[in-house]
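Number of protein chains: 2
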Amino acid sequence: MTSQTLIDTAIEQFGRHGFEGASTREIARASGTAMSSITYHFGGKQGLYLAAADHIAASVKTIQGPALEAARRVAENGTRDQAIEALLAVLDGFALMMISPQTEAWALFITREQQNPTEAFDRLYTGVMQGVVEVFVAALARIRTDLPGDEVRAMGILLFGQCLVLRVCRAAVTRILSVETIDAPTATLLRARLRANALCILSENPA
Amino acid sequence: MTSQTLIDTAIEQFGRHGFEGASTREIARASGTAMSSITYHFGGKQGLYLAAADHIAASVKTIQGPALEAARRVAENGTRDQAIEALLAVLDGFALMMISPQTEAWALFITREQQNPTEAFDRLYTGVMQGVVEVFVAALARIRTDLPGDEVRAMGILLFGQCLVLRVCRAAVTRILSVETIDAPTATLLRARLRANALCILSENPA
DNA sequence: GTCTATACTACGATAGAC
DNA sequence: GTCTATCGTAGTATAGAC
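These protein sequence lines are chains A and B, in that order. In terms of the UniProt record's numbering, the first sequence opens at residue 1 and continues consecutively. In terms of the UniProt record's numbering, the second sequence opens at residue 1 and continues consecutively.
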């Protein structure tokens with residue numbers, strides 16, 4: 001499918017060079033088609049960009065969906081320990097995603113959108129993030145019954161930040177750990193430390 | 001000073017639109033000068049970009065310098081509790097920086113560089129980040145004597161992630177907390193939660 | 001649906017006046 | 001040191017053949 005190939009290429013190019021930096025000529029060339037195919041399928045550069053955002057949202061939803069659904073169920077009727085385990089699993093899922101080279105382009109795309117949001121951010125937020133936030137808040141509220149709603153949201157944001165840094169500061173992370181890329185042992189180290197940190201934060205005794 | 005104005009404008013424009021997305025014409029216009037001034041002062045677009053990176057590194061160093069120096073001293077000869085307080089202060093300083101609108105352009109610039117590093121990243125890393133990492137590692141090693149070096153580095157990275165998310169996921173953070181911008185009460189909430197999280201992680205008893 | 005050809009705009013770099 | 005003028009290149013969009 002030409003349009004799917006264009007979207008895949010677009011995510012990579014837009015992520016790498018930003019909206020203005022990426023060129024439709026180059027995206028078309030790398031997709032093995034003519035530039036005017038973009039006009040035909042998506043109406044123009046902007047349309048392709050939005051289609052790329054939608055595709056990312058759907059893909060992330062597919063990958064993280066099961067873990068999120070499990071966490072949602074446990075948050076509703078499960079023990080506190082079960083909720084902790086489920087939330088740790090969700091965090092680990094995001095950490096894996098942030099580490100994976102396969103999803104690098106997605107993360108690049110999303111973090112760029114965060115920096116100056118366009119309509120594409122709306123689609124990403126309502127497409128995936130909103131659901132993720134709901135699960136985080138529900139699970140955290142179950143775990144830390146002592147905290148009010150806004151504290152719970154703040155905690156969720158900060159917990160997520162520990163996953164995020166693995167992607168957004170990748171260049172610094174590899175330098176600090178003296179590795180070329182985040183290989184298997186490095187990933188294990190980071191995930192274990194993330195789990196330990198999160199467990200420590202989550203299991204603090206409610207007052 | 002024309003060259004200083006150009007650098008300030010460049011940081012904002014490069015941060016907002018990326019290297020390719022920003023245009024020298026627009027930077028010159030916003031700086032109230034002609035485009036050829038960029039050629040004269042910096043040799044070209046690339047030279048201006050590197051000058052912007054150097055300026056950011058120097059500015060961050062100036063702002064965070066005192067807190068970092070204090071933490072360095074305490075890490076060398078201070079009590080464990082003093083080291084914890086000093087590290088919390090450094091983290092809070094970074095959180096404040098990530099929240100401040102004044103430094104938004106810097107953060108935009110740096111996170112863009114992380115996503116695909118150029119020579120500018122080298123300058124940023126050796127200019128500021130390296131020093132920050134050293135202090136983090138030294139203080140953490142003093143606090144968590146039970147952990148080996150790589151675990152300490154991983155912990156430092158993850159702790160920093162909690163500050164980072166406040167800037168990099170700003171669009172999501174404001175939506176989650178239902179605020180337009182991170183105002184004073186919101187900032188207080190986030191910083192308090194960050195401190196609580198960090199304190200919890202840091203003060204875990206060394207085995 | 002996909003291609004080629006082309007129109008139009010904006011970019012960075014540079015030369016030369018002041 | 002700062003300006004205007006200009007060159008060559010690369011961008012998006014569009015028209016029209018197949």
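Think of the CB as a built atom: it goes at the ideal place given N, C-alpha and C, for glycine as much as any other residue. On a predicted model such as this, the values are computed, not experimentally measured, just so you know.
Same chain only: Cβ atoms within 7 Å of residue i, ignoring 5 sequence neighbours per side
i, result
"arginine 167 of chain A", "Met98 and Ala107"
"arginine 72 of chain B", "Val135 and Ala138"
"phenylalanine 14 of chain B", "Ala22, Tyr49, Ala52 and Phe109"
"methionine 35 of chain B", "Thr24, Arg25 and Ala28"
"asparagine 197 of chain A", "Gln162"
Buried or exposed by the 16-neighbour rule on C-beta atoms within 10 Å, applied to residue i
i, result
"arginine 153 of chain A", "buried"
"alanine 83 of chain B", "buried"
"alanine 171 of chain A", "buried"
"alanine 58 of chain A", "exposed"
"methionine 129 of chain A", "buried"
"threonine 186 of chain B", "buried"
"glutamine 46 of chain A", "exposed"
"glycine 44 of chain B", "exposed"
"threonine 111 of chain A", "buried"
"glycine 149 of chain B", "exposed"
"glycine 65 of chain A", "exposed"
"alanine 95 of chain B", "buried"
"glycine 18 of chain A", "buried"
"glycine 131 of chain A", "buried"
"serine 178 of chain A", "exposed"
Where the alpha helix (DSSP H) containing residue i begins and where it ends
i, result
"aspartate 150 of chain B", "149 to 168"
"leucine 69 of chain A", "The question names leucine, yet the displayed sequence has glutamate at residue 69 of chain A. Here the alpha helix (DSSP H) through glutamate 69 of chain A covers 45 to 76."
"phenylalanine 23 of chain A", "A small fix is needed here, since residue 23 of chain A is serine in this sequence, not phenylalanine. First-last for serine 23 of chain A: undefined, no H or E at that position."
"leucine 194 of chain B", "184 to 202"
"residue 233 of chain A", "Lying before the first or after the last residue shown, residue 233 of chain A is absent from chain A, which here runs from 1 to 207."
"glycine 93 of chain B", "80 to 99"
"glutamine 130 of chain A", "130 to 143"
"leucine 124 of chain B", "119 to 124"
"leucine 177 of chain A", "Run containing leucine 177 of chain A: none; DSSP gives neither H nor E here."
Residues of its chain near residue i, where Cβ-Cβ distance is below 8 Å and the 5 sequence neighbours each way are ignored
i, result
"arginine 195 of chain B", "Leu88, Leu91 and Asp92"
"methionine 155 of chain A", "Leu140, Arg144, Leu147 and Ile201"
"glutamate 113 of chain B", "Ala53, Ala120, Phe121 and Leu124"
"threonine 174 of chain B", "Glu180, Thr181 and Ile182"
"alanine 184 of chain A", "none"
Own chain partners of residue i with C-beta closer than 6 Å, once the 5 adjacent residues on each side are dropped
i, result
"proline 10 of chain A", "Looking at the sequence shown, residue 10 of chain A is not proline but alanine. Excluding sequence neighbours, alanine 10 of chain A sits near Ile27, Leu48 and Ala52."
"alanine 75 of chain A", "Ala83, Ala138, Ala139 and Arg142"
"glycine 78 of chain A", "none"
"isoleucine 63 of chain B", "none"
"alanine 67 of chain A", "Ala89, Val90 and Gly93"
"glutamate 12 of chain A", "Ala105"
"lysine 61 of chain A", "Val128"
Interface residues of the region 180 to 201 of chain A facing chain B [CB-CB below 7 Å]: Leu189, Leu190, Arg193, Leu194, Asn197, Cys200 and Ile201
Proximal residues, the region 108 to 130 of chain A versus chain B, C-beta separation under 7 Å: Near chain B, meaning a CB-to-CB distance below 7 Å, the residues of the region 108 to 130 of chain A are Leu108, Thr111, Gln114, Gln115, Asn116, Pro117, Phe121, Tyr125 and Met129.
Positions along the region 138 to 166 of chain B whose CB lies within less than 7 Å of some CB in chain A: Asp150, Glu151, Arg153, Ala154, Met155, Ile157, Leu158, Phe160, Gly161, Gln162, Leu164 and Val165
Where the region 79 to 92 of chain A meets chain B: residues whose CB sits under 7 Å from a CB there: none
Contact residues within the region 33 to 67 of chain A, judged by C-beta distance below 9 Å to chain B: none
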